[in-house]
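Residue 687 is where the sequence shown starts when you use my numbering, and the numbers rise one by one after that.
Reading through the structure tokens given below for one structure.
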Amino acid sequence: MKRSLLTMAGLVLGLAACERQGVNPPTEPAAPVQTAEVAPPLAPAGLDPVMPGAGPATFVGRWAGQPGWCARTTGPERPVTITPLRLDGYESSCAITSLAQVANGYDAALVCQAEGQTTRERVRLSVQDDVLRLTWLNRDDAVILLTRCAAPVTPEPAE
Numbered sequence: 687m688k689r690s691l692l693t694m695a696g697l698v699l700g701l702a703a704c705e706r707q708g709v710n711p712p713t714e715p716a717a718p719v720q721t722a723e724v725a726p727p728l729a730p731a732g733l734d735p736v737m738p739g740a741g742p743a744t745f746v747g748r749w750a751g752q753p754g755w756c757a758r759t760t761g762p763e764r765p766v767t768i769t770p771l772r773l774d775g776y777e778s779s780c781a782i783t784s785l786a787q788v789a790n791g792y793d794a795a796l797v798c799q800a801e802g803q804t805t806r807e808r809v810r811l812s813v814q815d816d817v818l819r820l821t822w823l824n825r826d827d828a829v830i831l832l833t834r835c836a837a838p839v840t841p842e843p844a845e
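Structure representation (structure tokens):
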């Protein structure tokens, strides 16, 4: 028992003797750990940096039926906005409930709200350069081609 108490007292005194200089206060984060720089992995030879199906970045963005529609923020002739979780357009808003990579892009299952009704849709998103091929898999493979819009614009002034 005495030996246990002496050991415990020694540990407590040892910890009390430690200097607190090595502890950073919450307002002063520690310096980053220095490690050797590692180059990012290279893409396989012969492949474009952005390939169909190379990640959501290929289809995320604003897309329009015609390039002139990219500047519009209201009305039916405005861009569709696609995120990894949503596909939103004029009078319709869809949640992407599943996303599966396929050879030429992604197959997505959507739950859409449009004009007070809920529908389930399946689409394929395939990107080549700045063109999105949106294929409606449950609508006889109907295809819509959309052009990538530049960064978001400020809203048009009210008339």
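C-beta atoms are modelled at their ideal positions from N, C-alpha and C, and glycine is treated no differently.
All figures in this text were calculated on a predicted structure; none of them were measured in a lab.
Which residues DSSP lists as bridging residue i, in chain order
{"i": "E777", "result": "DSSP output for E777 lists no bridge partner at all."}
{"i": "C798", "result": "C780, T805"}
{"i": "A828", "result": "W822"}
6 Å CB neighbourhood of residue i in its chain, flanking five on each side removed
{"i": "S784", "result": "A795"}
Close-in-space but distant-in-sequence residues of the same chain around residue i (CB under 7 Å, 5 per side omitted)
{"i": "D816", "result": "T833, R834"}
{"i": "T805", "result": "C798"}
{"i": "L773", "result": "V766, C780, I782, L796"}
Helix, strand or coil at residue i according to DSSP, with G and I counted as helix
{"i": "D734", "result": "With a pLDDT of only 42 at D734, under the threshold of 50, the placement of this residue in the model should not be trusted, and no figure is reported."}
{"i": "G754", "result": "helix"}
{"i": "T767", "result": "strand"}
{"i": "T821", "result": "strand"}
{"i": "T744", "result": "helix"}
{"i": "A789", "result": "coil"}
{"i": "T833", "result": "strand"}
Residue closest to residue i, alpha-carbon to alpha-carbon, out of the options
{"i": "V750", "options": "T760, G761, V766, L820", "result": "Rather than Val, the amino acid found at residue 750 in this sequence is Ala. Nearest C-alpha to A750: V766."}
{"i": "V788", "options": "R810, R748, D827, G754", "result": "R810"}
{"i": "F745", "options": "P762, D827, D793", "result": "D793"}
{"i": "R819", "options": "A836, G754, I830", "result": "I830"}
{"i": "T747", "options": "S778, I768, W822", "result": "Note on identity: in this sequence residue 747 is Gly, with Thr being the wrong assignment. G747 has its Cα closest to that of I768, out of S778, I768, W822."}
{"i": "T821", "options": "G791, P753, E777, R764", "result": "G791"}
Any C-beta of chain D under 7 Å from that of residue i
{"i": "G754", "result": "Considering every chain present, this structure includes no chain D. It has just one protein chain."}
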